[in-house]
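Asks: Before anything else, here's the structure in question.
There are 2 protein chains.
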Amino acid sequence: MPLDQLSTTLAALADPTRRAILARLLMGECSVTALAEPFDMSMPAVSKHLRVLERAGLISRRRDAQFRHCRIEGAPLKDVATWAERYRHVWESRLDRLDTYLEQITPKNEKRHGRQSHRKSR
Amino acid sequence: MPLDQLSTTLAALADPTRRAILARLLMGECSVTALAEPFDMSMPAVSKHLRVLERAGLISRRRDAQFRHCRIEGAPLKDVATWAERYRHVWESRLDRLDTYLEQITPKNEKRHGRQSHRKSR
DNA sequence: CGCATATAAACCCAAGTAGTTAATTAACTA
DNA sequence: TAGTTAATTAACTACTTGGGTTTATATGCG
Numbered sequence: 588m589p590l591d592q593l594s595t596t597l598a599a600l601a602d603p604t605r606r607a608i609l610a611r612l613l614m615g616e617c618s619v620t621a622l623a624e625p626f627d628m629s630m631p632a633v634s635k636h637l638r639v640l641e642r643a644g645l646i647s648r649r650r651d652a653q654f655r656h657c658r659i660e661g662a663p664l665k666d667v668a669t670w671a672e673r674y675r676h677v678w679e680s681r682l683d684r685l686d687t688y689l690e691q692i693t694p695k696n697e698k699r700h701g702r703q704s705h706r707k708s709r
Numbered sequence: 588m589p590l591d592q593l594s595t596t597l598a599a600l601a602d603p604t605r606r607a608i609l610a611r612l613l614m615g616e617c618s619v620t621a622l623a624e625p626f627d628m629s630m631p632a633v634s635k636h637l638r639v640l641e642r643a644g645l646i647s648r649r650r651d652a653q654f655r656h657c658r659i660e661g662a663p664l665k666d667v668a669t670w671a672e673r674y675r676h677v678w679e680s681r682l683d684r685l686d687t688y689l690e691q692i693t694p695k696n697e698k699r700h701g702r703q704s705h706r707k708s709r
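Structure below.
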């Protein structure tokens, strides 16, 4: 039930066809037919993917005669990058145990971080 | 249909509950019960979210007595950040090149059809 | 052993998604 | 005006997902 913007964006990106469409749009605007060409898929299927991308704000469309030209929009991608950056230290640190990281920010706490009062027995 | 790793990761992240779980794990390892506490949701529901996160490689679990401690894993998040970086110039360049391209194919009396205008004088 | 706690598994259900083909709208062209 | 092309909408099927309950399993303790 992704109601928030970031969830909508990530859901839209969680499909290889849609990411391929975005990659194609990196080269410039494109009509729907041209976008559909690389895929072994009917036009309506591509059209639905485009609607998902548009709803997520990842593309915009404009009419040009009988064509609809699609264009990539960067803002939601920036949100994704910004969100992921929060976790940079997780993949950059060589720590085997995040406990060590925790101790850096809460030095006096010897307990585990759960709020339950059970003590470990080993 | 996400068979590839990145699609699986993005699908797992496209849920606010699961992102909240990851944010919580940023503070350190945590039992399932402690992770579930902030959510108005049954334990099995949380357990399912954890399974999705684990399948995506975003967390790992270890048994500790009757507890399962969850730990965040950074590698898939790095993949997301790396993927998004490909599009950095899209959100940083304010689409100068695409504007130029647009002007080539449509004279300046064309009308925007949908969203906010990215047209700017520069 | 018997009970409590922690978590997972199995099953149901409603809603969403991804694809299809067929029909429809919109715009150009002759 | 009719015909062609571009793209979307409609109607349908199959599958997945996120939630719920209920049941099962594993561990620790008295």
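Protein chains in written order, with the numbering used here: chain A, 588 to 709; chain B, 588 to 709. All C-beta atoms in this analysis are idealised placements derived from N, C-alpha and C, irrespective of residue type, glycine included. Note that this is a predicted model, so its numbers are computed, not measured.
Shorter than 8 angstroms from the beta carbon of K665 of chain B to some beta carbon of chain A?
Replies: Locating residue 665 of chain B in the second sequence gives position 78, where the first residue counts as 1. Closer than 8 angstroms: yes.
Asks: Which residue comes first and which comes last in the beta strand (DSSP E) that contains S647 of chain B?
Replies: For the purposes of this step, residue 647 of chain B is taken as the residue at position 60 of the second sequence. From DSSP, the beta strand (DSSP E) with S647 of chain B extends over I646 to D651.
Asks: Would DSSP call R606 of chain B helix, strand or coil?
Replies: Counted from its first residue, the second sequence places residue 606 of chain B at position 19. It is helical.
Asks: Going by other Cβ atoms of all chains shown within 10 Å of its Cβ, with 16 needed for buried, is S680 of chain A buried or exposed?
Replies: As a position in the first sequence, residue 680 of chain A is number 93, starting the count at 1. Classification for S680 of chain A: exposed.
Asks: May I ask you to verify whether the segment 634 to 647 of chain A touches the segment 658 to 675 of chain A, counting CB pairs closer than 8 angstroms and requiring at least 3?
Replies: yes
Asks: Checking contacts by CB at 8 angstroms: is D627 of chain B closer than that to chain A?
Replies: Working through the second sequence from its first residue, we reach residue 627 of chain B at position 40. No - not a single Cβ of chain A is within 8 angstroms of the one on D627 of chain B.
Asks: Could you check whether the Cβ of V639 of chain B sits closer than 8 angstroms to any Cβ belonging to chain A?
Replies: Indexing the second sequence from 1 puts residue 639 of chain B at position 52. No, V639 of chain B does not count as interfacial toward chain A.
Asks: Taking only beta-carbon positions, decide if Y688 of chain B is within less than 8 angstroms of chain A.
Replies: Locating residue 688 of chain B in the second sequence gives position 101, counting from the first residue. No answer about Y688 of chain B holds up, because its pLDDT of 49 lies below 50 and its placement is not dependable.
Asks: How many whole angstroms separate the CB atoms of H636 of chain A and R605 of chain A, which I take to be in contact at a CB cut-off of 8 angstroms?
Replies: On the first sequence, residue 636 of chain A is found 49 positions in, with the first residue counted as 1. On the first sequence, residue 605 of chain A is found 18 positions in, with the first residue counted as 1. Contact flag correct, Cβ pair sits at about 5 angstroms.
Asks: Suppose you measure from the CA of L622 of chain A to the CA of R673 of chain A; what does that come to, to the nearest Å?
Replies: Residue mapping note: residue 622 of chain A aligns to position 35 of the first sequence, counting from 1. Residue mapping note: residue 673 of chain A aligns to position 86 of the first sequence, counting from 1. If I take the Cα positions, the gap works out to 34 angstroms.
Asks: Starting from the Cα of D627 of chain B, find the closest Cα among B:G615, B:A599, B:R638 and B:P603 and give me that residue.
Replies: Here residue 627 of chain B refers to the residue found at position 40 when the second sequence is read from its first residue. Looking at the Cα atoms, B:P603 is the closest of the given residues.
Asks: Go to R638 of chain A, then tell me how far its beta strand (DSSP E) extends in each direction, as first and last residue.
Replies: The count along the first sequence starts at 1 and reaches residue 638 of chain A at position 51. From DSSP, R638 of chain A is part of no beta strand (DSSP E) but of the alpha helix (DSSP H) over M630 to R642.
Asks: Report all residues from its chain with a CB closer than 8 angstroms to the CB of C617 of chain B; omit the five preceding and five following residues, and keep chain order.
Replies: For the purposes of this step, residue 617 of chain B is identified with residue 30 of the second sequence, where counting begins at 1. Cβ within range, chain order: R611, H656 and C657.
Asks: Cβ of P631 of chain B less than 8 angstroms from any chain A Cβ?
Replies: Counted from its first residue, the second sequence places residue 631 of chain B at position 44. No, no contact with chain A.
Asks: Return the CA-CA distance between L600 of chain B and R648 of chain B, expressed in angstroms with no decimal places.
Replies: Position 13 of the second sequence holds residue 600 of chain B. Position 61 of the second sequence holds residue 648 of chain B. Distance between the alpha carbons of L600 of chain B and R648 of chain B: 18 angstroms.
Asks: So, does the CB of L685 of chain A fall closer than 8 angstroms to a CB anywhere in chain B?
Replies: Numbered from 1 along the first sequence, position 98 holds the residue referred to as residue 685 of chain A. Reliability of the predicted coordinates at L685 of chain A is poor, the pLDDT of 47 falling under 50, and the value obtained from them is presented with this limitation in mind. For L685 of chain A, the answer is yes, since a Cβ of chain B falls inside 8 angstroms of its Cβ.
Asks: List, in chain order, every chain A residue whose beta-carbon is nearer than 9 angstroms to that of G661 of chain B.
Replies: In the second sequence, counting from the first residue as 1, residue 661 of chain B sits at position 74. Going along chain A in sequence order, the residues near G661 of chain B (Cβ under 9 angstroms) are Y674, R675, H676, V677, W678, E679 and S680.
Asks: Out of curiosity, what's the CA-to-CA distance linking S634 of chain A and A598 of chain A?
Replies: As a first step, residue 634 of chain A is located in the first sequence; it is residue number 47 there, counting from the start. As a first step, residue 598 of chain A is located in the first sequence; it is residue number 11 there, counting from the start. S634 of chain A and A598 of chain A: Cα-Cα distance of roughly 17 angstroms.
Asks: Taking Cβ positions, are T595 of chain A and D666 of chain A nearer each other than 8 angstroms?
Replies: Numbered from 1 along the first sequence, position 8 holds the residue referred to as residue 595 of chain A. Numbered from 1 along the first sequence, position 79 holds the residue referred to as residue 666 of chain A. Taking 8 angstroms as the Cβ cut-off, T595 of chain A and D666 of chain A do not qualify as a contacting pair.
Asks: Between A:V677, A:R675, A:W678 and A:A668, which has its C-alpha nearest L593 of chain A's C-alpha?
Replies: The count along the first sequence starts at 1 and reaches residue 593 of chain A at position 6. Comparing Cα-Cα distances from L593 of chain A to each of A:V677, A:R675, A:W678 and A:A668, the minimum goes to A:A668.
Asks: With the cut-off set at 8 angstroms, would you say A671 of chain A and A671 of chain B are in Cβ contact?
Replies: To locate residue 671 of chain A, count along the first sequence from 1; it is residue 84. To locate residue 671 of chain B, count along the second sequence from 1; it is residue 84. Yes, they are a contact pair.
Asks: Using a Cβ-Cβ cut-off of 8 angstroms (strictly less than) and excluding sequence neighbours within five positions of L613 of chain A, which residues of its own chain qualify?
Replies: Counted from its first residue, the first sequence places residue 613 of chain A at position 26. The answer, listed in chain order, is I659.
Asks: Under 9 angstroms Cβ-Cβ, which residues of chain A neighbour A607 of chain B?
Replies: In the second sequence, the residue the question calls residue 607 of chain B occupies position 20. Going along chain A, no residue has its Cβ under 9 angstroms from A607 of chain B, so there is no contact; the nearest lies around 11 angstroms.
Asks: Should L640 of chain B go down as buried or exposed, given a rule of 16 or more other Cβ atoms within 10 Å for buried?
Replies: In the second sequence, residue 640 of chain B corresponds to position 53, counting from 1. It counts as buried.
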